[in-house]
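Numbered per this note's numbering, the sequence shown spans residues 646 to 850. Beta carbons are placed, not taken as given, at the ideal position from N, Cα and C, and that holds for glycine. These notes are about the structure you will find just below.
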Amino acid sequence: MAPYMANVPTTQQGVQKAKEGNYAFLWDAALLNYYKNIHCDVMTVGGEFHKDGYGLGLRKGSPYTQEFSVAILKLRQNGFIENRIKKWYDKTKVTCIGNGQNNEKLAEYQEIDISHIYGVFVLLLFATGTSFLILLIEWIIALWQSIDPMDPDKPKTLFQALKLMFAKFKLARELIKNPDSIAVSYTASKSSKVPDKKLASPIEC
Numbered sequence: 646m647a648p649y650m651a652n653v654p655t656t657q658q659g660v661q662k663a664k665e666g667n668y669a670f671l672w673d674a675a676l677l678n679y680y681k682n683i684h685c686d687v688m689t690v691g692g693e694f695h696k697d698g699y700g701l702g703l704r705k706g707s708p709y710t711q712e713f714s715v716a717i718l719k720l721r722q723n724g725f726i727e728n729r730i731k732k733w734y735d736k737t738k739v740t741c742i743g744n745g746q747n748n749e750k751l752a753e754y755q756e757i758d759i760s761h762i763y764g765v766f767v768l769l770l771f772a773t774g775t776s777f778l779i780l781l782i783e784w785i786i787a788l789w790q791s792i793d794p795m796d797p798d799k800p801k802t803l804f805q806a807l808k809l810m811f812a813k814f815k816l817a818r819e820l821i822k823n824p825d826s827i828a829v830s831y832t833a834s835k836s837s838k839v840p841d842k843k844l845a846s847p848i849e850c
């Protein structure tokens with residue numbers, strides 16, 4: 646590969662040669678990604694290779710070495726460095742600077758945030774609200790159908806039907822919590838309501 650490689654004086658010239666013909670420009674990944682975002686007729690292929698790091702040069706044995714190392718580590722952990730890279734190299738809505746062939750295309754790369762998916766939450770809230778409304782209507786219809794002023798065992802008004810429904814809910818909740826005590830109390834109350842039987846005396850002639 647080395648015999649086919651040739652250096653160029655500037656990054657702009659390398660990008661221009663890649664745009665003009667059968668030419669591949671090898672350079673720093675951050676710069677190539679930046680030029681890719683502002684030129685519609687160039688692209689990057691493959692992954693990064695021969696990665697190098699950047700550092701700050703300090704005198705050997707400098708008392709600030711530890712402070713700089715900790716500060717850089719904190720900046721990496723809280724995402725500050727990554728955010729700076731995105732700000733300067735991954736700008737959104739950058740108009741292409743092409744030769745006129747692909748100027749109608751825009752290099753718009755946007756991160757997905759809450760503004761892109763808020764419609765899903767709106768739809769979910771609407772569906773939830775509609776479900777509660779339908780449930781409320783069904784309850785009202787069921788309560789209305791349970792009203793019978795002529796039947797002494799049924800509620801006479803909608804308010805009485807509502808009280809009876811909540812009483813049933815309360816009884817069901819207590820039954821789930823402690824079924825034994827409910828059974829005992831129900832049996833005791835039922836037995837207490839049994840009327841006393843009078844014994845018939847024989848009739849004397």
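> Between the beta-carbon of residue 806 and the beta-carbon of residue 800, is there less than 8 angstroms?
Replying inline: Position 161 of the sequence shown, counted from the start, is the residue given in the question as residue 806. Position 155 of the sequence shown, counted from the start, is the residue given in the question as residue 800. Going by C-beta atoms, residue 806 is nearer than 8 angstroms to residue 800.
> Considering only C-alpha positions, which residue in the set 694, 696, 727, 711 is nearest to residue 702?
Replying inline: Translated into the one-based positions of the sequence shown, residue 702 becomes position 57. Nearest option by C-alpha distance: 711.
> What runs of the alpha helix (DSSP H), each 4 residues or longer, lie entirely inside the segment 646-686?
Replying inline: 656-665, 674-683
>> DSSP three-state label for residue 731, please.
In response: Numbered from its first residue, the sequence shown carries residue 731 at position 86. Of the three classes helix, strand and coil, the one that applies to residue 731 here is helix, per DSSP.
> Which residues mark the beginning and the end of the alpha helix (DSSP H) in which residue 775 is found?
Replying inline: Within the sequence shown, residue 775 is the residue found at index 130, counting from 1. Element bounds for residue 775: 759-791.
>> Taking the alpha-carbon of residue 657 as reference, which of 667, 648, 684 has the nearest alpha-carbon?
In response: Here residue 657 corresponds to residue number 12 of the sequence shown, with the count starting at 1. Nearest of 667, 648, 684 to residue 657, Cα basis: 684.
> By Cβ distance, which residues of its chain are closer than 7 angstroms to residue 676, with the 5 residues on each side in sequence left out?
Replying inline: Taking the first residue of the sequence shown as 1, we reach residue 676 at position 31. Once the five neighbours on either side are set aside, the close Cβ partners of residue 676 are 656.
>> What would DSSP say about residue 693, mapped onto helix, strand or coil?
In response: Indexing the sequence shown from 1 puts residue 693 at position 48. Correct three-state label for residue 693: coil.
> Terminal residues of the continuous alpha helix (DSSP H) containing residue 802?
Replying inline: Locating residue 802 in the sequence shown gives position 157, counting from the first residue. Neither: residue 802 is in no alpha helix (DSSP H) and is coded neither H nor E.
>> Alpha carbons only, please: which of 823, 784, 708 is nearest the one belonging to residue 810?
In response: In the sequence shown, residue 810 corresponds to position 165, counting from 1. Here the closest residue by C-alpha is 784.
> Which of helix, strand or coil does DSSP assign to residue 701?
Replying inline: Counting from one through the sequence shown, the residue named residue 701 turns up at place 56. Three-state DSSP puts residue 701 in coil, outside helix and strand.
>> So, for residue 687: in the same chain, excluding its five sequence neighbours on each side, which residues have a beta-carbon less than 7 angstroms away from its beta-carbon?
In response: In the sequence shown, the residue the question calls residue 687 occupies position 42. Result list for residue 687: 660, 663, 664, 680, 681, in chain order.
> Nearest-angstrom Cα distance between residue 804 and residue 764?
Replying inline: Your numbering for residue 804 matches position 159 in the sequence shown. Your numbering for residue 764 matches position 119 in the sequence shown. Distance between the alpha carbons of residue 804 and residue 764 is about 39 angstroms.
> So what's residue 795 in DSSP terms, helix, strand or just coil?
Replying inline: Your numbering for residue 795 matches position 150 in the sequence shown. Coil at residue 795, not helix or strand.
> Is residue 714 helix, strand or coil by DSSP?
Replying inline: For the purposes of this step, residue 714 is identified with residue 69 of the sequence shown, where counting begins at 1. Of the three classes helix, strand and coil, the one that applies to residue 714 here is helix, per DSSP.
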